[in-house]
Each structure stands twice: as structure tokens, then as C-alpha cells.
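S.K.: Start counting the sequence shown at 30; every next residue gets the next number (the numbering used here).
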Amino acid sequence: MEKVNILVVDDRPEGILAVQAVLSSPSYNIVTASSGNEALRHLLHDDFAVILLDVQMPIMNGFETASVIKTREKSKDIPIIFMSAINQDEQYVYQGYGVGAIDYLLKPFDPYILRSKVAIFVDIFKKKQLIKEQALKLYENEVKAHALALDRLELENLRRYQYLADSIPQIVFRLLSDGSYDYFNKVWFEYTGLSVQNSNGMKWKDIIHPQDLPKLLELLEHASNEHGLECECRILNKHGAFRWHLIRVQPERYGSPKDIKSWLGTATDIEDRKKMEDTQRFLAEAGELLVSSLDYRRTLQSISRLAVPYLADWCSFDILSDDGKLENLVIHHNDPAKLDSAKKLHDVYLCSSNSKVGAGHVIKTGKTQVYQRIDSQILHQLAQDSSQINLARELGDSSAMIVPLTVHGKILGAVTFVSAESGRKYDQHWVEVAEELGRRTALALENSKLYKLSQKAIEVRNDFLSIASHELNTPITSLKLQLQMVKKTLTMNKGGEFPLDRFSKSVEASVKQVDRLIALIQVLLDVSRIQSGKFTFSFGQVNAAELLSEVVDRHQEILVNSDCELKVKVDEELTVNWDKTRIEQVITNLLTNAIKYAPGKIELCLKQEQENIRILVKDHGQGIPKDKLQVIFDRFERVTSNESVSGLGLGLFIVKQIVDGHHGMIEVVSEPGDGTCFILTLPMDPSVKPELNQSGELPAQQNAEESYNSLPL
Ligand code: ADP
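Structural data, given as C-alpha cells:
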């Protein structure tokens, strides 16, 4: 038990001793003071249960001392018992109570009374102490409970923020001011596949792209609200691929703006957006290049330079030529030193036209092929000799995609993209970009081809205009001459001395020229009708043999004049449903051509073959070169180099339209130096659909070659 302090104040030592003697107890600590001042000093430092204060003291008496005690906060509640001699005036007693005395003892005092009174105050003091202690304890407990509640609240808040951070799709982090790990949300661990240990300290830096790390560290070191708080950088995911992220950080400060405690931040995956932006930029640039030139070799070169390295380490464009062969127009490598190896890989593996893989296959199927990984082992297996095995070793692992160049369903070629050193793997995104580039390139190629064709067409038209004007001019000049002659003769014949039959030759010649003009104009009219879709037919019953004889009759004179010998073989009378005038036009044209281009022996044959009529017109002239056999049926196409043979290059074009209009066929067989044979196959009745045989096929027909070989003459 702690001792209780009791202050005894008396200027006389015997007074103090008397009190000490009475109050002597192990539970009291009697503190003595011989003056008011000394008493006040004690009171400044210690707590007392009661003060026994002598009234009569020099300098500062008991009342004055009591007044000061009562004014002090620390001592104002300490009970004061005044002690005074018995002979003192009663007034002192009242004065004592006036300055705050609790009691008044008169000396000599009764020890028992003194002890009891002091014991009461000591008891009160102790109780007060107890209450104080309890209050303190209570307070302390309350404080503790409060602190606990606060801790719980903070924990709850922390958890709530953690849930919130885990529920958003971005990476959320908190780094300490030195950039070391403090917190990463669930998304970080899911995305990176890292453990907490592997993210600890500065270990997180290991999965930031080396090119972007300095930028990020710089941001952490220097970013402030004035200097931007974000940057873009690539972060490695658990599958080993870097994806672009937008990093945004916010400093947490201690107080002063420079005193950064930590960095709170988010990392948003912007890979897809960035890819999309890059792709759009790439395709826009490609679009500009594709329209910049009509020379498609040059265009493909520019495109390949744009595609490497954005899409590939090297690429090649292989285009189908007119004869169906695959021709490599452009091959471009990022590293010129590796161009030769790339060419070999291209030729041996990727673009061999026979191969079941590679460009040849893509062109056949029209479908993109993607080779995620062409490792040297596969190439090794495909290699056919030791040089190819070495090549396979040299090339190492690569990834490739081959995309068809398709426009309006037509395949023009293929473009091959290969990635090796860059380690790029061709996923769906790259395939889509490559296919879009393929489509745009194919369109540009087609446009450039069409441009060339239109240029050619313009050239042909200009040639035609010059030929046509020449053709029209010749009969007009001749006609004019004849008319001038008639006029001259008429002027001279004023006296009537020339007989009229002198004019008949001129008139006859004029009529021929007019006929020639009419025929030319007829041809032009037919072409214009064909162009405008107004080329119509009027079908009717016709005797095919008669029709042929009529045409032959009309050509007797010209045959004789041209030194031609015509042999005709016609099957018995056959009735057909044709447009008589148009078929006459066809036979006339073929016969006239034979007379014009191959005067000499001409054979004409008409025979029935099942439901069809075959008409063959064969001559023994110079023939037509093989590569021209198809074009002679096109507009304005003339093969002959003999300028003296007139013609517009439209006859066979019109013939073809008439034959098509009869659902027939025209073929030509020709050997240079061995003549030409035109073979017409016309259904007897074009309005009847041919009957199919049991297997659902058209009945077998003698082919043109057989018909040609079985010519009667
Ligand atoms: P044109 O006779 O007015 O030139 P065509 O369309 O009738 O026009 O014939 C096209 C071309 O075909 C001719 O210019 C000629 O070169 C070639 N041709 C047609 N028939 C024969 C033939 N029997 N022998 C050789 N060449 C021919």
C-alpha cells in the first residue's frame, strides 16, 4: 500500500512534533513545513490527503497560506484543518472557515480527535484516488476499444479497396517512393503469372519491356501533376507475349508536394486499341501507295517495303501470269544479307507451284495458309537434297502466312509474309491485316491491268478509226470518180453523140461501191446493236442446204475473179429453225475471209450430226498463228499483216454473236502454212433444249477436230 501524504505546517517545532507523535502510522507520510511558503512549495510537487495548518505563523499566517492554497488548481481541493491555541478568539475560527477550512482544532488537541479527523480525510482522499484510478482505467479501456474499432474499420476499408481493386479489369498497384513493390491487385498476378515473391522489391521490373523500362522509371522519379502522370509500356504476360499498357500513376504525399510516400497506379491493356491504330495507319499508308502508280511492279515494291518490318521480316509477291504460271515479281528482306536465303526458302518451300503447301496451294484454294512455326526440322523433312538441308538449318524457326490476292472472286496471285528473327507469330489479327492488304493490293493490280487494257482498247479503237475511215473512204473516192466521169460524159454528150449504154459500166461500178459502203455501215450498225443489247434474231423454218447454195451462188463471181476453186458438200435437204439472214451473214463472212486471206482451194461442207448441223469452211492459205486463234473473235482484232487485204476486224466478232444467239459454237483449227478451217456447230432448233443422256450428260458429239479430219475432200 502506498503511504498517504499529510502536510503539517507549524513554525514551532514542538507543535510539529506533537502532531507527528499523534499521527505516527505506517500508512501516513507526514511532510512538515515550518512556514507558509515552505508548505506552498511542497504542495506544488506532491499530493496530500489533508493539510494541518497552524494559524499563527510569522510572515505568512495560516489564513494567508490557505488563501493561496485555494487559488491553486492543484491544491484547491485539499482539505485544510486549522490548528490554533485554545485561548484564541472565536472570530479566528470563523475566519478559518471563510478561507476554506474544513475543520478547526484547538491546541492542545485531543490526540484521539486529531487522529479520527485526519483518518476521515485520509479515507476520503483514498476513495478519491480510487475513483480517479478507476476513471483512468475506464478511460484507458475506452481508448483501447476505440483504437481496436478504428483498426477494424481500417482493415474493413482496406479489404473493401482490395475487393474493388480486384474487381476492375486493370492492373492496380502501389509502389513505394523508391519504386519497390507494395501492392498489386489480382489482375497483376493473373496477367503476369508471377507470385508475390517474384513481384517483390524491384523484381516486377523484369517483365517490363527493356525498351520501355527507363521511360517508366523516369515517370516514377519525375512525374508530378504538372509533368504528366502517364506513359505507355509493354508488359510481359504469362504466355510470354508483351502487350501494350497505359500506365497512370498518382503520388501519395506526406505533406509537402515533393515528399512522395508512394505511387498508386493502374495499368490498362491497350494492346488491341494500339494494334487497331497501327493497322489503320498501315492500311492507310498502303492505300496511298497503291493508288500512287499504275505500274504494278513499282507499286508492289513500295508495298513490300512498307510491309517489312511492320508485318514481316521478309515478304514476296507472286502473280499468276496469263499462261497460269506463278511469277515472283517482288521479294524484299529487312536484312539484305539474308535476301538470298529468303529467295531459296521462297523457291524451294513456299512458292513452288507444284507443292501441296505454299503459294501454289493458296492460289488453288483461294484460302490463306498460316504456318505458326516452320521449324528447321519440318524443312529438313521436306528437303530433297543436301543443299536444301543446309538451307533448312540456316533459316531456323520462322512463322509464315500466305494470303491470296483476290479481286471479285478472281485470284491474281499470292503474297507471302515470313517472320523469323523478330519472333512474331501470326495470329488472327495479323492474318486479318494481311488479308485486307491482299484484297487492296489485288484491287490495285486489277485496276492497273484494267488501265493497261483500256489503254490497249484506246489504241485498238484509234487503229480501228484509221482503218474504218480508210475503208469508208475507198468506195466513196471510187464512187465520186465514177460520178465525175458520168458528169463529164454527160457534159460532153450535149449533142447526143454518145450512146447511153456507155454509162452502164460506171453506174454498175457505182452501185458496187454503194453496196460496199452499205455492207460496211451494216457491220458498224451490227456492232452498235450488239453493244447496246439490241442485236435480235428472227427465227423461222429454213432449208439449210438451200441457204448454203444461195450464199455460194452469190459468191460465184468473186470466186472466179479471185481464182478460187470452191468445193461444196451438202447433206440432203435439212429443215432448221434459224434466223436465215444472220446465218447467211455468218457463212458469207467465213467464205469471204477464205477468199480474202487464202484464195485458192476452198471447201465448204454442211452435214447433220444428231440434233446439230455442222458447217465447215476450210481453206489452204497461210493459216492463223496459234496464239491468235482466240483473239480473232474479239472486236477490231486483225491478224493479217497484209495491209492490202481490207477489213475492219469486226466480221468474226459479229459471227460469234450470231452463233451464240443460236446457242451454237464456232471453233477454228489452223496450222501455219496449212490453211484454216472454221467449224460451226448450230442446233437445228435453238429453241429446243438438248436431251440429256441416261447419265444426265449431253449426248456425245464428234469434236471439231474429228469433223475437220473427216472433211469430204
Ligand atoms: P476482217 O476480215 O474484217 O479483218 P474478221 O473479224 O472477219 O475481220 O477476221 C479477223 C481476222 O482473222 C482477219 O483480220 C484475219 O487476220 C484473220 N482471218 C480470218 N479468216 C481467215 C482465214 N481464212 N485465213 C487467215 N486469216 C483469217
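For every residue, glycine included, the Cβ atom is placed at its ideal position computed from N, Cα and C.
1. Could you give the first and the last residue of the continuous beta strand (DSSP E) run that contains V668?
2. Who does V444 pair with in a DSSP beta bridge?
3. At which residue ranges does the region 599-677 contain complete alpha helix (DSSP H) runs of 4 or more residues, listed in the order of the chain?
4. How should L187 be labelled, buried or exposed, when 16 other C-beta atoms within 10 angstroms of its C-beta is the threshold for buried?
5. Hey, out of G353, N266, N34, whose CA is closest to H14's CA?
6. Any heavy atom of ligand 2 closer than 7 Å to the beta-carbon of A627?
7. Suppose contacts are defined by Cβ-Cβ distances below 8 Å. Is F665 in contact with L681 by that definition?
8. Check each candidate in T621, A176, E640, K156 and name the one with the smallest Cα separation from L633.
9. Kindly list the residues whose CB is nearer than 6 Å to the CB of I715, restricted to its own chain and excluding five residues on each side of it in sequence; keep chain order.
10. Measure the C-alpha to C-alpha separation of Y57 and S285 and round it to an integer number of angstroms.
11. From this set, S54, D39, V51, L73, which residue's C-alpha is nearest G65's C-alpha?
12. Could you check if A623 belongs to the surroundings of ligand 1, using beta carbon to heavy atom distance under 7 Å?
13. Return the first residue and the last residue of the beta strand (DSSP E) that V717 is part of.
14. Could I get the ranges of all uninterrupted beta strand (DSSP E) runs contained in the region 57-93, with 3 residues as the minimum, in chain order?
15. Put S561 into one of helix, strand or coil per three-state DSSP.
16. Which runs of the beta strand (DSSP E), 3 residues or longer, sit entirely within the region 129-154?
17. In the region 211-265, which residue ranges form an unbroken beta strand (DSSP E) of at least 3 residues, counting only runs that do not cross its ends?
18. Could you check whether L441 and A471 sit closer than 8 Å to each other, using their CB atoms as the reference points?
19. Compute the distance between the beta-carbons of L312 and E465, then report whether it is under 8 Å.
20. If you draw a straight line from the C-alpha of A497 to the C-alpha of V615, how long is it?
21. Can you look up L742 in the DSSP assignment and give me helix, strand or coil?
22. Given a cut-off of 8 Å on the beta-carbon distance, is the pair I109 and I80 in contact?
23. Could you tell me how far apart the beta carbons of G629 and G652 are, in whole angstroms, since I believe they sit closer than 8 Å?
24. Check whether the region 293-312 touches the region 190-203, counting contact only when three or more Cβ pairs, one atom from each stretch, lie closer than 8 Å.
25. Residue range of the beta strand (DSSP E) that G705 falls in?
26. Quick one: what does DSSP say D376 is sitting in, helix, strand or coil?
27. Where do the ends of the beta strand (DSSP E) carrying L275 lie?
28. With burial defined as no fewer than 16 other Cβ atoms inside 10 Å of the residue's Cβ, what is the status of Q240: buried or exposed?
29. Determine the contact status of T328 and L319, defining contact as a CB-CB distance below 8 Å.
30. Name the DSSP bridge partner or partners of M694?
31. Helix, strand or coil for A497, going by three-state DSSP, please let me know.
32. Does DSSP put S427 in a helix, a strand or coil?
33. Given this structure, state the Cα-to-Cα distance separating D648 from L595, to the nearest angstrom.
34. Buried or exposed for D106, please, with buried defined as at least 16 other CB atoms from any protein chain shown within 10 angstroms of its CB.
35. Spell out the partners DSSP gives Y400 in its beta bridges.
36. With DSSP run on the structure shown, which of helix, strand or coil describes D298?
M.R.: Put simply:
1. Indexing the sequence shown from 1 puts residue 668 at position 639. Counting along the chain, V668 falls outside any beta strand (DSSP E), and DSSP gives it neither H nor E.
2. As a first step, residue 444 is located in the sequence shown; it is residue number 415 there, counting from the start. Beta-bridge pairing links V444 to F346, V432.
3. 609-626
4. Locating residue 187 in the sequence shown gives position 158, counting from the first residue. Label assigned to L187: exposed.
5. This structure cannot speak to residue 14, because the chain is shown only from 30 to 742.
6. Within the structure as shown, ligand 2 is missing, the only ligands being ligand 1.
7. The residue labelled residue 665 in the question sits at position 636 within the sequence shown. The residue labelled residue 681 in the question sits at position 652 within the sequence shown. No, Cβ-Cβ distance for F665 and L681 is not below 8 Å.
8. The residue labelled residue 633 in the question sits at position 604 within the sequence shown. The shortest Cα separation from L633 among T621, A176, E640, K156 belongs to T621.
9. Against the sequence shown, residue 715 aligns to sequence position 686. According to the sequence displayed, residue 715 carries Pro and not Ile. Here the set comprises H691, H692.
10. Here residue 57 refers to the residue found at position 28 of the sequence shown. Here residue 285 refers to the residue found at position 256 of the sequence shown. Cα to Cα, the separation comes out at about 57 Å.
11. Indexing the sequence shown from 1 puts residue 65 at position 36. Ranking S54, D39, V51, L73 by Cα distance to G65 puts D39 first.
12. Indexing the sequence shown from 1 puts residue 623 at position 594. Answer for A623: yes, Cβ within range of ligand 1.
13. For the purposes of this step, residue 717 is taken as the residue at position 688 of the sequence shown. First-last for V717: undefined, no H or E at that position.
14. 57-62, 79-83
15. Here residue 561 refers to the residue found at position 532 when the sequence shown is read from its first residue. Correct three-state label for S561: coil.
16. 132-136
17. 259-265
18. To locate residue 471, count along the sequence shown from 1; it is residue 442. To locate residue 441, count along the sequence shown from 1; it is residue 412. Cβ atoms of A471 and L441: closer than 8 Å.
19. For the purposes of this step, residue 312 is identified with residue 283 of the sequence shown, where counting begins at 1. For the purposes of this step, residue 465 is identified with residue 436 of the sequence shown, where counting begins at 1. Contact: yes.
20. Residue 497 sits at position 468 when you count from the first residue of the sequence shown. Residue 615 sits at position 586 when you count from the first residue of the sequence shown. Going from the Cα of A497 to the Cα of V615 covers about 21 Å.
21. As a working note, residue 742 is residue 713 in the sequence shown. With a pLDDT of 49 at L742, under the threshold of 50, the predicted position of this residue should be treated as unreliable, though the coordinate-derived value follows. In this structure, L742 counts as coil in the three-state DSSP scheme.
22. Within the sequence shown, the letter at position 80 stands for residue 109. Within the sequence shown, the letter at position 51 stands for residue 80. Contact: yes.
23. What you label residue 629 is simply residue 600 of the sequence shown in a count that begins at 1. What you label residue 652 is simply residue 623 of the sequence shown in a count that begins at 1. The Cβ separation is near 13 Å, so there is no contact.
24. yes
25. For the purposes of this step, residue 705 is identified with residue 676 of the sequence shown, where counting begins at 1. The sequence shown places Thr at residue 705, rather than the Gly named in the question. That run of the beta strand (DSSP E) goes 705-712.
26. As a first step, residue 376 must be located in the sequence shown, where it is residue number 347. Here D376 sits in helix by DSSP.
27. Counted from its first residue, the sequence shown places residue 275 at position 246. Counting along the chain, the beta strand (DSSP E) containing L275 begins and ends at 271-282.
28. As a working mapping, residue 240 is identified with position 211 in the sequence shown. Label assigned to Q240: exposed.
29. As a working note, residue 328 is residue 299 in the sequence shown. As a working note, residue 319 is residue 290 in the sequence shown. Against a cut-off of 8 Å, the Cβ pair of L319 and T328 comes out as a contact.
30. Within the sequence shown, numbered from 1, the residue matching residue 694 stands at position 665. According to DSSP, M694 bridges with T710.
31. Numbered from 1 along the sequence shown, position 468 holds the residue referred to as residue 497. Residue state, collapsed to three classes: helix.
32. Numbered from 1 along the sequence shown, position 398 holds the residue referred to as residue 427. Three-state result, S427: strand.
33. Against the sequence shown, residue 648 aligns to sequence position 619. Against the sequence shown, residue 595 aligns to sequence position 566. Rounded to whole angstroms, D648 to L595 spans 9 Å at the Cα level.
34. Looking up residue 106 in the sequence shown gives position 77. The residue in question, D106, is exposed, as its Cβ has fewer than 16 Cβ neighbours within 10 Å.
35. Mapped onto the sequence shown, residue 400 falls at position 371. According to DSSP, Y400 bridges with A429.
36. Numbered from 1 along the sequence shown, position 269 holds the residue referred to as residue 298. It is a strand residue.
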